[in-house]
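To keep things clear, I will list the structure first and then write my remarks on it.
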Amino acid sequence: MGLLTAMLLVFGRFSADNELTAARAGGISLVNLSTPVILFSVVMSGFTAWINLQIAPQCRTAYKELVYDLAKSNPTALLTENTFVTEVPGYVIYIDGLDQNKTDPNQWIMKNILLNRIEDGELIQRTRAAQGEVGFNQETKQFLFRLLEAKVNVRADKLAVIFGGTDDPVESNETNLQPEGEASPEWRPMAGGEIILPIALEDMEKRIFKPKLSYLTFSQLRKEV
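In our numbering, the protein residues as written are -4 to 220.
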């Protein structure tokens, strides 16, 4: 963008001051004037293409691999305050305040917690709590959230997914009924007060990281095609 702006300013000024006419009158053609700029533009275009098609995708992939390696070696490093944590499989976690227990390095005190459960890219459960505690069990490889003043809302059409069991066709038809004009799914309050919520990280340890299409280099994209 800087190069384009500079070219417009320079050649616009050349034209406004009649310098292009003077140069052509002096035997310098427009091709001779523009050739260095065109060559420099080609070089800059190639450089930016190399950045966008090779370096940037490799950096994104390396960043994701580092995150997963960190999660497998030290899962406690995943939880950070004022950040939407998306690395935990099946969940999006947000914690407004996070203080580590001085006596137990695997225990934290939390404030203003938001736990969203995701299934096939869709939000199926929302859990909010004013405060709580969370710990990580090295043996079972899972976080154990103890939430106080919690409110849980579940999508009516995903009750079987959350609580297990088979879908009842009659119940499914009833829960999927929505008022006319509403496109959003129905949400039902399921629990409140104090709840215990375990979140396992076994899927993360078994997961093989496959980059998204936006993380692939140009050569990798050609192979995908």
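Built from N, CA and C at the ideal position, the CB exists for glycine as well. Source: prediction; values computed, not measured.
In chain order, what residues of the same chain have a beta carbon less than 6 Å from the beta carbon of residue i, not counting five sequence neighbours either side?
{"i": "residue 9", "result": "15"}
{"i": "residue 166", "result": "At residue 166, the pLDDT of 44 sits below 50, so the modelled position is not reliable; the number obtained from the coordinates is stated separately. None."}
Is residue i near the ligand ATP, going by C-beta to nearest heavy atom under 7 Å?
{"i": "residue 193", "result": "Of the ligands one can find in the structure shown there are none, so the ligand ATP has no counterpart to examine."}
Count the other C-beta atoms from every protein chain shown that fall within 10 angstroms of the C-beta of residue i, then say buried if there are 16 or more, exposed otherwise.
{"i": "residue 149", "result": "buried"}
{"i": "residue 129", "result": "buried"}
{"i": "residue 7", "result": "exposed"}
{"i": "residue 184", "result": "exposed"}
{"i": "residue 127", "result": "buried"}
{"i": "residue 135", "result": "exposed"}
{"i": "residue 105", "result": "buried"}
{"i": "residue 20", "result": "exposed"}
{"i": "residue 170", "result": "Confidence is the limiting factor: at residue 170 the pLDDT is only 38, short of 50, which leaves the residue's position unreliable, though a coordinate-based value still follows. Residue 170 comes out buried."}
Among the residues of its own chain, which have a CB less than 7 Å from the CB of residue i, if the five just before and after it don't count?
{"i": "residue 172", "result": "Only weak support is given to the placement of residue 172: the predicted model assigns it a pLDDT of 37, under 50, and the value that follows is read from those uncertain coordinates. Within the same chain, residue 172 has no close Cβ partners at all."}
{"i": "residue 176", "result": "Confidence at residue 176 is low in this model, with a pLDDT of 42, below 50, so the placement of that residue is unreliable and no value is reported for it."}
{"i": "residue 52", "result": "210, 211 and 212"}
{"i": "residue 214", "result": "none"}
Return the Cβ separation of residue i and residue j in integer angstroms, given the expectation that the two are a contact with Cβ distance under 8 Å.
{"i": "residue 274", "j": "residue 120", "result": "Here the chain has residues from -4 to 220 only, and residue 274 is not among them."}
Can you find the residues in the same chain that come closer than 8 Å, C-beta to C-beta, to residue i, ignoring five residues on each side of it along the sequence?
{"i": "residue 12", "result": "none"}
Exercise. Pick out the complete alpha helix (DSSP H) segments inside the region -2 to 45, 4 residues or longer, and give them in chain order.
Key: You should have 14 to 20 and 25 to 45.
Quiz item: Are three or more beta carbon pairs between the region 96 to 113 and the region 32 to 49 nearer than 8 Å?
Solution: Taking a cut-off of 8 Å for Cβ pairs, the region 96 to 113 and the region 32 to 49 do not touch, as fewer than three such pairs fall below it.
Practice problem: For the region 107 to 131, list the alpha helix (DSSP H) runs that are entirely contained and at least 4 residues long, ordered along the chain. | Solution: Qualifying alpha helix (DSSP H) stretches: none in this window.
Quiz item: At a cut of 8 Å, does the region 181 to 198 reach the region 123 to 139 through at least three beta carbon pairs?
Solution: Touching, yes, given that three or more Cβ pairs across the two stretches are closer than 8 Å.
Quiz item: Any contact of the region 22 to 33 with the region 44 to 63, i.e. 3+ C-beta pairs under 8 Å?
Solution: Contact fails: fewer than three Cβ-Cβ distances are below 8 Å.
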